[in-house]
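Residue numbers (the UniProt record's numbering): 1 to 309.
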């Protein structure tokens, strides 16, 4: 990978996200933070000019028009363009990976990018399957399905989806986090893991056989599996759907968890929160989760460099 501009070996892109949100503010705060400076990495800021943050890759000017719908589309277009540009740079080796500030899913679609979020967009741009992991020093959660309606989960929670999540989790824990024998557990889909079919049979007919096939623990009920993981019994929990996994990680580690995209040929992390448009421009947004995402990204890149020799 390229280390252009950085004699110490880590060059990362950082996108500003939706310019209507807190992305530019927290990026500016993070880049001035002594903890980020101490990481010794070189940062390429990717986003529109006019946000108050000096950019290295200028995607054009950002100037609110006062028309909410027009600004929604413009914000989404600029956020999507930043991800496209960062991905292209990472694929060329100009940067070792990216840290992405939050984007707004409705704005992203209005701006011409019909993806539910970063994870799915990166899969489309790179042509590889991706998996979402939320990680903190207390808990790691991987989502077998992501941004879909709850009613669609039983159909989307296929053997292929679980296998992909399990294989990506094991590879990520081994290669990126240095856990030689990962302890991975499946979170059950139904209450009490279905209670022998009384509350649904997916845990008995789908999840349990896959757990045996893939060498996983579980499926264990959602109301206990995360507690056991927090106590150190497991290195990661594979959650069957978005909210059961996201609720657990955010209750345990809100503000310090990091979104890591597994499966990519480069590193990608992001903070564990959204655009917070309601407080944008007030100067009160916390950069703590972004700083953690930047710290994690640098560590992951350095580990990959060391492993690659």
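Ideal Cβ placement from N, Cα and C applies to all residues, glycine included.
The beta-bridge partner set that DSSP reports for residue 58 consists of 47. Separation of residue 194 and residue 202 (C-alpha to C-alpha, rounded to the nearest whole angstrom) is 7 angstroms. For residue 157 and residue 144, the gap between their C-alpha atoms comes out near 7 angstroms.
Uninterrupted beta strand (DSSP E) stretches at least 3 residues long and entirely within the segment 227-277 occur at 236-239, 258-262 and 267-271, given in chain order.
Separation of residue 48 and residue 211 (C-alpha to C-alpha, rounded to the nearest whole angstrom) is 46 angstroms. Cα atoms of residue 45 and residue 246: separation of roughly 28 angstroms, rounded to the nearest angstrom. The beta carbon of residue 135 lies closer than 7 angstroms to those of 257, 258 and 260 in the same chain, with the five residues before and after it left out.
Residue 184 sits in a strand when the DSSP states are folded into three classes. Note: residue 12 is bridge-paired with 43 in the DSSP secondary-structure output. Around the C-beta of residue 198, fewer than 16 other C-beta atoms lie within 10 Å, and the residue is accordingly described as exposed.
Proximity to residue 266 across 283, 282 and 176 peaks at 176, based on C-alpha coordinates. Cβ-Cβ separation between residue 97 and residue 280: approximately 26 angstroms, too far for a contact (criterion under 8 angstroms).
Taken atom to atom, the span from the alpha-carbon of residue 79 to that of residue 87 is near 13 angstroms. Contact annotation: residue 99 and residue 297 have beta-carbon atoms nearer than 8 angstroms. Rounded to whole angstroms, the Cβ separation of residue 221 and residue 188 is 5 angstroms, and the two are in contact under 8 angstroms.
Just so you know, the alpha carbons of residue 305 and residue 92 end up roughly 16 angstroms apart. Taking the CA atoms as reference points, residue 233 sits about 9 angstroms from residue 185. In this structure, the beta-carbon distance from residue 182 to residue 147 does not fall below 8 angstroms.
Counting only runs that start and end inside the segment 158-227, the beta strand (DSSP E) elements of at least 3 residues fall at 184-187 and 217-220. Residue pairing from DSSP places residue 97 in a beta bridge opposite 267. Going by DSSP, residue 125 is part of the alpha helix (DSSP H) stretching over 118-126. In the structure shown, residue 20 falls within a coil segment according to DSSP collapsed to helix, strand and coil. When rounded, the separation of the alpha-carbon atoms in residue 172 and residue 67 is 43 angstroms. Between residue 35 and residue 214, the alpha-carbon positions lie close to 40 angstroms from each other. By the neighbour-count definition (other C-beta atoms within 10 Å, threshold 16), residue 25 is a buried residue.
The DSSP assignment places no complete beta strand (DSSP E) segment of no fewer than 3 residues inside the segment 59-84. Assignment of beta-bridge partners to residue 131 by DSSP yields 262.
Taking 8 angstroms as the upper bound for CB-CB distance, residue 235 and residue 140 are in contact here, some 6 angstroms apart.
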